[in-house]
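Enquirer: In the working numbering, the protein residues as written are 52 to 141. For glycine and all other residues, C-beta sits at the position ideal for the given N, C-alpha and C. First the structure, which I've put down as structure tokens, then a few questions once you've had a look.
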Amino acid sequence: MPLRFQTAPLGSLSIPGPLYSVHVLRAGFATANPDGSVRADGSVTLVSGGPLTVLVDTGGPWLRPVLPALLAARGVAPADVTHVVVTHGH
52 MPLRFQTAPL GSLSIPGPLY SVHVLRAGFA TANPDGSVRA DGSVTLVSGG
102 PLTVLVDTGG PWLRPVLPAL LAARGVAPAD VTHVVVTHGH
């Protein structure tokens with residue numbers, strides 16, 4: 052059986068698929084400060100479709116007040132999320 056691949060342009064924040072779609076709700080960043088420290092936060096990504104709605108990373112605690120609005124922009128309520136994947140912890 053031949054393998055099938057789907058491509059998307061670099062910088063795409065949404066990649067629709069036949070079964071699941073991937074949406075970057077908030078892109079991560081790292082910004083150098085003048086004092087040499089770095090201000091950074093990871094991406095928040097939604098994988099949805101089929102029976103699962105997966106949130107990959109939730110952002111830092113400062114993102115908590117806006118996370119419901121980020122989900123709502125994709126038609127997802129917090130209660131709709133079936134799984135949360137945390138890629139790393141501090």
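(1) Under three-state DSSP, which class holds VAL123?
(2) Would a C-beta distance cut-off of 7 Å place ASP92 and THR138 closer than the cut-off?
(3) Going by the DSSP bridge assignment, what does ALA81 pair with across the sheet?
(4) For VAL89, I'd like the list of residues in its chain whose CB is within less than 6 Å of its CB, leaving aside the five on either flank, ordered along the chain.
(5) Where do the ends of the beta strand (DSSP E) carrying THR133 lie?
(6) Quick one: what's got a C-beta closer than 8 Å to VAL136's C-beta in the same chain, skipping five residues either side?
(7) Going by other Cβ atoms of all chains shown within 10 Å of its Cβ, with 16 needed for buried, is HIS134 buried or exposed?
(8) Quick one: what's got a C-beta closer than 6 Å to SER65's C-beta in the same chain, skipping five residues either side?
Expert: Reading from the atomic positions:
(1) The question names Val, yet the displayed sequence has Ala at residue 123. Helix at ALA123.
(2) In terms of Cβ geometry, ASP92 and THR138 do not form a close pair [threshold 7 Å].
(3) ALA91
(4) ALA81, ALA83
(5) Per DSSP, THR133 lies in no beta strand (DSSP E) and is assigned neither H nor E.
(6) VAL105, LEU106, VAL107, ASP108
(7) exposed
(8) HIS74
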